[in-house]
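What follows is a set of notes on a single structure, which appears directly below.
There are 2 protein chains.
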Amino acid sequence: MEHLAEVLLDLFVLLLATKIGDELFKRIGQPPLIGEILAGIFVGPAVLGWYSISPETQLFAEIGVVLILFQVGVETRLGDLVRIGPTAAAVGLFGVALPLAAGLGMGLVLGAPMEVAVFLAAALTATSVGITARALADLGALTSVTGRAILGAAVLDDVLAMLILALATGLIAGEASLTDLATLLLLAGAFVAVVAIGGTGLLRRRPALLTEPKFAETPFLPGMIMMLGLAALSATIGLAALIGAFLAGLVAGESSERRALEHEVAPLAALFSPFFFGFVGANVSLESLTDARSLAILLALTALAILTKFVGAGLGAIRLGRRRAAAVGWGMVPRGEVGIAIAGIGFASGAIDAGIYAAVVGMAVLTTVVVPPFLGNLVRAAEPADIASGD
Amino acid sequence: MEHLAEVLLDLFVLLLATKIGDELFKRIGQPPLIGEILAGIFVGPAVLGWYSISPETQLFAEIGVVLILFQVGVETRLGDLVRIGPTAAAVGLFGVALPLAAGLGMGLVLGAPMEVAVFLAAALTATSVGITARALADLGALTSVTGRAILGAAVLDDVLAMLILALATGLIAGEASLTDLATLLLLAGAFVAVVAIGGTGLLRRRPALLTEPKFAETPFLPGMIMMLGLAALSATIGLAALIGAFLAGLVAGESSERRALEHEVAPLAALFSPFFFGFVGANVSLESLTDARSLAILLALTALAILTKFVGAGLGAIRLGRRRAAAVGWGMVPRGEVGIAIAGIGFASGAIDAGIYAAVVGMAVLTTVVVPPFLGNLVRAAEPADIASGD
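Residue numbers (our numbering), protein chains in the order written: chain A, 1 to 391; chain B, 1001 to 1391.
Here is the structure:
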């Protein structure tokens, strides 16, 4: 009972704080989700210590980002993603190659062993699409060319980041084999392809399928079952849970009752997403700013993370024109919870020390906070028609 | 990452199973929530073992019952509760006195030490209003005389059960003082009174208060903040978290935008309540049925639990007439998650052994499963006007 009271208090504190941050940032005309992240830093262990990271509060954060991606999936059509496929692939590949090289290079400069270098590379590589997706949705630009290029690239990006992480953990265990990596790649690719193509195909043939059960007046509960199932499967394979949630949304969005679904998911996502943004902030450790070495690593990592992803992903999107390339490159910059999770795995396995851990987490949060303030102008310049029409 | 995948899988399995149970029971014309509880038994540790009880899945269950009571609070008006106050008090007092005496007597018969007897008494005393509230809502009888008598009595019941539990844990620690118990009683009473009267008074004077923040277009997010805060406070005092959630709903229900609030809470409660009902089922341990002593205790406890609560609470409501008294008495029977929580505290503290623990949990589940199938007829007989009008 006492433990439950503590967890409820953590959740209360974080929801209240993030909504105050939201309120203040709306009033000063800044992106509200930055207000939510800063509120998380403030009530988290770094400053007040009123909110603590526990398995339960972490689950709420995860459900938050899973719901954001489900919602994005519902508003995305597979055909649109396929049409932008080649560009998205280029964005994903270039957007992974440059940060990967930078991470390995940074490992060399630090004189770190190979597994540390690969961990840094994995953390620099992994884009967190949650932040950008929410920002794009706020701008009404999710279904624009820029929005679709980012979403498609983010899926590929996550598959590649998973492979790099598998390589890093394999190196630590002393058993990194090319066969294992190839198996993982095939598995992840098959999962994404089978669910996306098979699932949407089934729903297109039977658009009322999700409302056939008596327990379901709308596709909401069947959609939530699918979301949890595919998120669990995705996490089991080693992909981010949000990839499965995005695919579930993609499938459920083909339902004939899509509007009712959107209507019922909206309050749920509004309630849970602050637990995610606040959690991202609460991971910040200010200790990394007092130690000169960690501070230097933090700044170098952050600069590299922003520069390599912006240039790499931007180059991949160059055929869309310079303005769209800039918006896509910038939209891929946030490392968010994926970077934090990779840092956590590296720290738990003993591969990276507390100083580098704090620096990687700091990089993940800084790359996340820096994106929304400029994304609006970049997307407006890239997609004047979409923004003007409001969709 | 792996741990997260397991938790997501647990949640997926339970949601899928409970919705299949819901579907089957709807198709055979039985109360769907029994289908959900049976599904929980089936996928839980007792049978398939596909769903396991962890701090995270327990939190989801708790959020489920918290949301049910918040929803009930929104639909309840304080004035209606106050008007039925004296009757509700009689229902609460008699409905506690008889099970309390039975629990102590059963302890004597078993030759158990005083603290075990008090634990049995506490477990027999505590009504779980979640089940009845959901069943009443399904019948459209929440605001009927019967519904209000049950809700009012449930609050008092929980305060008294908390005192008995405090006495039991105090006896174990060897420090049960009347002063401590009196302090607890005052604290709990003050909490309920201040929030209920102060909160609803404030909202009645300023019914648009909850939509004044820019982050809140409807009272939904402020309501959720209040719900988590009061649930945490309630659990911190030692009351069930759902009491705080009920009070939060009572307050938020005075808002001018109440319809919008109900609309946004509905999908959330629909998603989370199956995690609660499934969790109640998953606590069942079939081992208690193979051991003759535990089986005897289980059957004796269950019979006592049903009889003493039905007669006690029914006697308290006798001034409402025999039909309403029967409906109220029966509605107070479920021990649900409150009984399970008390058994867990007793087991964790070493006061009760595994056999008695399993018997108490079994009693809590059986008293819960037995109620909905008959509640409909009893309430229809007691409140023909309310049921006919649908509200």
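All C-beta atoms in this analysis are idealised placements derived from N, C-alpha and C, irrespective of residue type, glycine included.
Query - Own chain residues within Cβ distance below 6 Å of A:Met162, not counting five before or after - result: Gly238 and Leu239
Query - Inter-residue spacing [alpha-carbon to alpha-carbon] between A:Ala325 and A:Ala89 - result: 14 Å
**Report entry** Neighbour-count burial assignment, A:Ser285, 16 or more Cβ in a 10 Å radius
**Finding:** buried
Query raised in the report: What's the gap between the Cα of B:Val1096 and the Cα of B:Met1332?
Result: 10 Å
Query raised in the report: Does the beta carbon of B:Glu1023 sit closer than 8 Å to a beta carbon anywhere in chain A?
Result: yes
Query raised in the report: Just reading off the alpha helix (DSSP H) that B:Ser1273 is part of, what are its end residues?
Result: Arg1258 to Ala1282
**Report entry** Residue from B:Val1194, B:Phe1070, B:Arg1205 and B:Gly1140 with nearest C-alpha to B:Ala1385
**Finding:** B:Gly1140
Report task. Look up B:Tyr1357 in the DSSP assignment and say whether it is helix, strand or coil. Result -> helix
Query raised in the report: How many whole angstroms separate the CB atoms of B:Leu1098 and A:Ala270, which I take to be in contact at a CB cut-off of 8 Å?
Result: Not quite, the Cβ-Cβ distance comes to about 46 Å (not below 8 Å), so this is no contact.
**Report entry** Whole alpha helix (DSSP H) elements within the region 153 to 212 of chain A, 4-residue minimum
**Finding:** 178 to 193 and 200 to 205
Query raised in the report: In or out: B:Asn1283 buried (at least 16 other Cβ within 10 Å) or exposed?
Result: buried
Query raised in the report: Can you name, in chain order, every residue of its own chain whose Cβ lies under 7 Å from the Cβ of B:Leu1108, other than the five neighbours on each side?
Result: Ala1117
**Report entry** is_contact[B:Phe1279, chain A] using C-beta, thresh 8 Å
**Finding:** no
Report task. Output yes or no for whether 8 Å exceeds the beta carbon distance between B:Pro1039 and B:Gly1278. Result -> The question names Pro, yet the displayed sequence has Ala at residue 1039 of chain B. Against a cut-off of 8 Å, the Cβ pair of B:Gly1278 and B:Ala1039 comes out as a contact.
Query - Contacts around B:Gly1314, its chain only, beta-carbon distance under 7 Å, and the 5 residues preceding and following it disregarded - result: Ala1325, Ala1326, Val1328 and Gly1329
Query raised in the report: Below 8 Å between beta carbons: does that hold for A:Val155 and A:Ile243?
Result: yes
Report task. Output yes if chain A places a C-beta closer than 8 Å to the C-beta of B:Thr1236; else output no. Result -> yes
Report task. Select from B:Arg1380, B:Leu1008 and B:Gly1350 the residue whose C-alpha is nearest the C-alpha of A:Pro55. Result -> B:Leu1008
Query raised in the report: For A:Ile68, which of A:Gly281, A:Val91, A:Leu4 and A:Phe275 has the nearest alpha-carbon?
Result: A:Phe275
Requested in this report: Give a yes or no on contact between the region 1121 to 1129 of chain B and the region 1164 to 1181 of chain B, applying the rule of three or more CB pairs nearer than 8 Å.
Outcome: yes
Query raised in the report: What do you reckon, are the CB atoms on B:Leu1261 and B:Ala1245 nearer than 8 Å?
Result: no
Query raised in the report: Between which two residues does the alpha helix (DSSP H) harbouring B:Asp1138 extend?
Result: Val1129 to Leu1139
Requested in this report: Please compile the residues from chain B whose C-beta is within a distance smaller than 7 Å of the C-beta of A:Glu262.
Outcome: Under the 7 Å cutoff, chain B gives no residues; its nearest Cβ is about 11 Å from A:Glu262.
Requested in this report: With 8 Å as the threshold, decide whether the Cβ of A:Glu337 is near any Cβ in chain B.
Outcome: no
Query raised in the report: A:Ala364: buried (16+ other C-beta within 10 angstroms of its C-beta) or exposed?
Result: buried
Query raised in the report: What residue does the alpha helix (DSSP H) around B:Ile1068 start on, and which one ends it?
Result: Pro1055 to Val1074
Query raised in the report: Between the C-alpha atoms of A:Asp391 and A:Glu383, what's the straight-line distance to the nearest angstrom?
Result: The predicted model places A:Asp391 with a pLDDT of 39, which falls under 50 and marks its position as unreliable, so this point remains unresolved.
Report task. Could you say which of A:Leu59, A:Thr87, A:Leu178 and A:Leu247 lies nearest to A:Leu203 if we only look at CA atoms? Result -> A:Leu247
**Report entry** Proximity of B:Thr1087 and B:Arg1319 at Cβ, strictly below 8 Å
**Finding:** yes
Query - Close-in-space but distant-in-sequence residues of the same chain around A:Thr367 (CB under 7 Å, 5 per side omitted) - result: Thr302, Ala305, Ile306, Val333, Pro334 and Arg335
Query raised in the report: Using the beta-carbon count (16 or more within 10 Å), is A:Ser389 buried or exposed?
Result: Note that A:Ser389 scores a pLDDT of 45, beneath 50, so its modelled location is shaky; the value from the coordinates is reported in the next line. Exposed, by the Cβ-count rule.
**Report entry** Unbroken alpha helix (DSSP H) run spanning B:Trp1330, endpoints
**Finding:** Arg1322 to Gly1331
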